[in-house]
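Trainee: If you read the sequences in order, they're chains A and B.
Using this note's numbering, read the first sequence as starting at 711 and increasing by one per residue.
Using this note's numbering, read the second sequence as starting at -6 and increasing by one per residue.
We put the CB at the ideal spot given by N, CA and C, even for glycine.
Just so you know, these numbers come straight off a predicted model, no measurement behind them.
Let me give you the structure first, and then I'll get to my questions.
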Amino acid sequence: MKIVKIIAIVLLVAFVGIQFMPTTRNQSDSVPSTDFMLVNNVPENIQKKLQVSCYDCHSNNTQYPWYNKVQPVAWFLEDHIKEGKAELNFNEWDSLSNRRKKSKLRSIIKQIESDEMPLYSYTLIHKDASFSEAEKQELIRWIEQLKDSI
Amino acid sequence: MKNLKMSIATMLLLAVSFTNAQEKEKMKMDHSKMDHSKMMNMNSDTKAEAILNDYFNLKDALVADDTKKAAQEGSKLAASLKAFDASKYTAEEQKELADIIEDATEHAEHIAKSDMGHQREHFKTLSKDMSDLIAITGTKNTLYEQFCPMYDGGSSWLSSSDQVRNPYYGSKMLKCGKVKKTIN
Chain A
711 MKIVKIIAIV LLVAFVGIQF MPTTRNQSDS VPSTDFMLVN NVPENIQKKL
761 QVSCYDCHSN NTQYPWYNKV QPVAWFLEDH IKEGKAELNF NEWDSLSNRR
811 KKSKLRSIIK QIESDEMPLY SYTLIHKDAS FSEAEKQELI RWIEQLKDSI
Chain B
-6 MKNLKMSIAT MLLLAVSFTN AQEKEKMKMD HSKMDHSKMM NMNSDTKAEA
44 ILNDYFNLKD ALVADDTKKA AQEGSKLAAS LKAFDASKYT AEEQKELADI
94 IEDATEHAEH IAKSDMGHQR EHFKTLSKDM SDLIAITGTK NTLYEQFCPM
144 YDGGSSWLSS SDQVRNPYYG SKMLKCGKVK KTIN
């Protein structure tokens, strides 16, 4: 029993301790002029869908719910965002060449089509981030159009 | 008491290894930046041929339905792409080449860490990049641009042989496709 107590205390201390370890917050006040929404003529419903479902990990600004400020959750999130932004950052869209834009759009379509994005671990908590079948088709159709216009 | 000490020690070790891992990652990134600046010196024609060669090996792995081999060839191709030297080309060509290389590198890197389905998706765009690359650099060998009308609304690839071996379907539809264009 004593051991259990000690372990519990140690875990608690560790848990409190890791709260002080630094994480980088993905937050920015300004939207750069290269942003996807600013350079493309995006219909409002598509805009909203992209904002809610994609921008948390694929832009310079994440909407953090409270539990994402608690370690070790924050670490996992930090990692996801880092990876997400490396793959695609909607804020820097217009800095890409046409070739890169087409490539990215193609990948976006494939990811949505195969339900790989948004991530399951993300939609589990962010219910409003998941796509219905109709929304999926609408989004894909619109992105296809954009791709063909480049 | 002994137990408490052990537990604390374990926690500390964990914490230390964690920070260590983060440091290592930082170092790795610095390293790749360094490699980037010092690698350009050889003749670019041979470098373009090396890229093509890796691309063909990747294609053969996809034809053979070999995910693991394709992943390895993807890494090799990414390395060859990064080693490309565009300095002897005109400013305009350099810009275009840098764009192609950047795009192709990303596809090669994804192929290095994906399953077969994804590898083939990326291979499609990669093939377009390769065609555009040799349109600028040229190549000393005769190449065949081949085309499969079934995969993803129609998809092309390059081959050094006029025999069609389909990298998008592998054994499922090995000979589906035709030669669309002969290069050189």
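1) Starting from B:L136, follow its DSSP beta bridges and name the residues at the other end.
2) Could you pull the start and end residues of the alpha helix (DSSP H) that B:L55 belongs to?
3) Three-state secondary structure (DSSP) at B:S152?
4) What did DSSP end up calling B:K171 once you bin it into helix, strand or coil?
5) Can you pull the DSSP bridge partners for A:C767?
6) With distances taken Cα to Cα, identify the nearest neighbour of B:H115 among A:R851, A:F746, A:L834 and A:K812.
7) Exposed or buried, A:R851, counting other C-beta atoms within 10 Å across all chains shown (16 or more means buried)?
8) Using 10 angstroms around the beta-carbon of B:S25, count the other beta-carbons present and answer buried if the total reaches 16, otherwise exposed.
9) Say whether the segment 132 to 146 of chain B touches the segment 86 to 104 of chain B, bearing in mind that this needs 3 or more beta-carbon pairs closer than 8 Å, one atom from each stretch.
10) In chain order, what residues of the segment 107 to 120 of chain B put their CB closer than 7 Å to some CB of chain A?
11) Would you say A:K820 reaches chain B, if we count a Cβ-Cβ gap shorter than 8 Å as a contact?
12) What residue ranges within the segment 801 to 850 of chain A form continuous alpha helix (DSSP H) runs of no fewer than 4 residues, ordered along the chain?
13) Taking beta-carbon pairs under 8 Å, can you tell me which members of the segment 841 to 852 of chain A lie near chain B?
14) State yes or no: is the C-beta of B:A43 within less than 8 Å of the C-beta of B:I127?
15) Using 8 Å as the limit for Cβ to Cβ distance, is A:R809 near chain B?
16) For A:S813, would you say it is in contact with chain B, using Cβ-to-Cβ distances shorter than 8 Å as the test?
17) Distance cutoff 8 Å, beta carbons only. Does B:E102 sit that close to anything in chain A?
18) Of all the options A:H768, A:S738 and A:Q757, which has the alpha carbon lying nearest to the alpha carbon of A:K795?
19) For B:E86, decide whether its Cβ has a neighbour in chain A, counting only Cβ atoms nearer than 8 Å.
Mentor: Based on what the coordinates show:
1) DSSP, once it has assigned bridges, lists B:I176 as partnering B:L136.
2) It spans S37 to V56 - the alpha helix (DSSP H) in which B:L55 sits, taken as one unbroken run.
3) It is a strand residue.
4) Shown here, B:K171 sits in a strand according to DSSP, grouped into three states.
5) Answer is none; A:C767 lacks a bridge partner.
6) Comparing Cα-Cα distances from B:H115 to each of A:R851, A:F746, A:L834 and A:K812, the minimum goes to A:K812.
7) That one is exposed.
8) For B:S25, the predicted model reports a pLDDT of 46, less than 50, meaning its position is unreliable and no value from the coordinates is stated.
9) Contact between the segment 132 to 146 of chain B and the segment 86 to 104 of chain B is absent: fewer than three C-beta pairs spanning the two stretches fall below 8 Å.
10) Residues passing the 7 Å Cβ filter: E114 and T118.
11) True, the Cβ-Cβ gap to chain B drops below 8 Å.
12) The DSSP assignment places 808 to 823 and 830 to 833 as complete runs of the alpha helix (DSSP H) inside the segment 801 to 850 of chain A, in order along the chain (cut-off: 4 residues).
13) Of all residues in the segment 841 to 852 of chain A, none comes within less than 8 Å of chain B when Cβ atoms are compared.
14) No. Outside cutoff.
15) At a cut-off of 8 Å between beta-carbon atoms, A:R809 makes contact with chain B.
16) So, interface residue.
17) Taking 8 Å as the CB threshold, B:E102 stays off the interface with chain A.
18) The residue with the shortest Cα to Cα distance from A:K795 is A:H768.
19) No, because no Cβ of chain A sits closer than 8 Å to the Cβ of B:E86.
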